[in-house]
Amino acid sequence: MALQRVFGADRGAQLWAQACREAGLFPGHVRTTTLLDRVAKALSAQGGAAAMVARSVEIRLRTYARLAATAGRQG
Amino acid sequence: MTTVDPLYDEARLQEIADLDLLSPDVDAILKDLAAEAAGRLGLPVSLISVVLDEALHVAAFQGPDGLWLNETRGHPVEWSFCATSVRTREPFVVENAPLHPEHGTNPLVTQDGVRCYAGVPLISRLGHVLGNLCVVGLEEREFSEDDVALLRTLADEAVRRIELRRIAGPDS
Chain C
10 MALQRVFGAD RGAQLWAQAC REAGLFPGHV RTTTLLDRVA KALSAQGGAA
60 AMVARSVEIR LRTYARLAAT AGRQG
Chain B
1487 MTTVDPLYDE ARLQEIADLD LLSPDVDAIL KDLAAEAAGR LGLPVSLISV
1537 VLDEALHVAA FQGPDGLWLN ETRGHPVEWS FCATSVRTRE PFVVENAPLH
1587 PEHGTNPLVT QDGVRCYAGV PLISRLGHVL GNLCVVGLEE REFSEDDVAL
1637 LRTLADEAVR RIELRRIAGP DS
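As you go down the protein sequences, you meet chains C and B in turn. Per my numbering, residue 10 is the first one in the first sequence, and the count goes up by one each step. Per my numbering, residue 1487 is the first one in the second sequence, and the count goes up by one each step.
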């Protein structure tokens, strides 16, 4: 979705599929944050604007992990 | 005619990549400007942000340890005060964050205790808003026109250094 907002539907889908392939994953099977992190690293390696989208994903994953850790300490 | 939201503008993101603004060495190049902004306005935190499509990346940071921003070096764009200037191309000032209609429920406000913010956009030679130079405080405060002008001056210097980076390349 993030890729499609930046690159349009077709190119976004292509870049996602390429990053998944390079991460050794099927595009429809990225269902955990661990797998998403792998795809983001592959996306980052593509460079350019795609790498900026990848950094966004990385920051969001790190944020969610920190929120979960904080909630765990409070709960 | 469809208008592209600048936040998702591929050309803007490509320029951020071309300038290598996510590189860790950017902090050393810009940190003194963040320090000067915080020091002269008497606020605990200042940063130079790079606003990506869905997150804010902290390129340079001045402030105490233990804050979210310094630990994660970024946060989701919907928490970002700096994203406003990417769209408006104007300075953005929040003097009492808990009462602000967009940021009153922002976790940076409700959990980290942010109470005031002032930021000015970093506009590149190509005309893209790359991010902001901003100050953040933990108590509400008013910002004068002189305060914003100071931030503008420091932001202009930040852009000048960033543009030198484009010409010289990251290794020089």
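In this text, a Cβ means the ideal position worked out from N, Cα and C, and glycines have one as well.
Comparing C-alpha distances from V1531/B to each of L1608/B, R1646/B, L1594/B shows the shortest one belongs to L1594/B.
Residue state for L1624/B is assigned as coil, using DSSP reduced to three classes.
Between the beta-carbon of A1520/B and that of L1538/B there is about 19 angstroms, and that puts the pair past the 8 angstroms contact cut. Membership of S1571/B in any beta strand (DSSP E) is not indicated; the residue belongs instead to the alpha helix (DSSP H) covering 1569–1574. T1558, G1560, H1561, P1562: these are the residues of the region 1547–1573 of chain B whose beta carbon lies less than 7 angstroms from some beta carbon of chain C, given in chain order.
Comparing C-alpha distances from E1581/B to each of R1575/B, S1571/B, C1620/B, E1626/B shows the shortest one belongs to E1626/B. Residue pairing for P1562/B: DSSP places it in a beta bridge opposite A1541/B.
Using a Cβ distance threshold of 7 angstroms, A28/C and A1503/B do not count as a contacting pair.
R14/C belongs to the set of residues whose beta carbon lies under 7 angstroms from a beta carbon in chain B. For T41/C, the number of other beta carbons within 10 angstroms of its own is below 16, and it is reported as exposed. Nearest C-alpha to R1573/B among H1589/B, L1553/B, V1606/B: V1606/B. In the three-state DSSP reduction, S1630/B falls in the coil class, being neither helix nor strand. Chain-ordered, the chain B residues with CB closer than 9 angstroms to the CB of G56/C read A1503. Straight across, the Cα-Cα distance linking F1578/B with E31/C is about 41 angstroms. Around the beta-carbon of Y73/C, fewer than 16 other beta-carbon atoms lie within 10 Å, marking it exposed.
Residues of chain C whose Cβ lies closer than 9 angstroms to the Cβ of A1541/B are, in chain order, R64, S65, V66, E67, I68, R69, T72. A1514/B is not a Cβ neighbour of V1621/B, given a cutoff of 7 angstroms. Beta-bridge partners of N1618/B (DSSP): S1535/B, P1607/B. A Cβ-Cβ separation of about 4 angstroms places A1541/B in contact with S65/C under the 8 angstroms criterion. With 16 or more other Cβ atoms from the protein chains shown falling within 10 Å of its own Cβ, E67/C counts as buried. Approximately 4 angstroms separates the beta-carbon atoms of A58/C and L1499/B; this is inside 8 angstroms, confirming the contact. If you draw a straight line from the Cα of G1590/B to the Cα of A1583/B, it comes to about 6 angstroms.
When A54/C, G56/C, A49/C are compared, the shortest CA-CA separation from L70/C is found for A49/C. Two segments are said to touch when three or more pairs of C-beta atoms, one from each, lie closer than 8 angstroms; by this definition the region 15–23 of chain C does not touch the region 1543–1550 of chain B. At a cut-off of 7 angstroms, the C-beta of E1576/B has no neighbouring C-beta in chain C.
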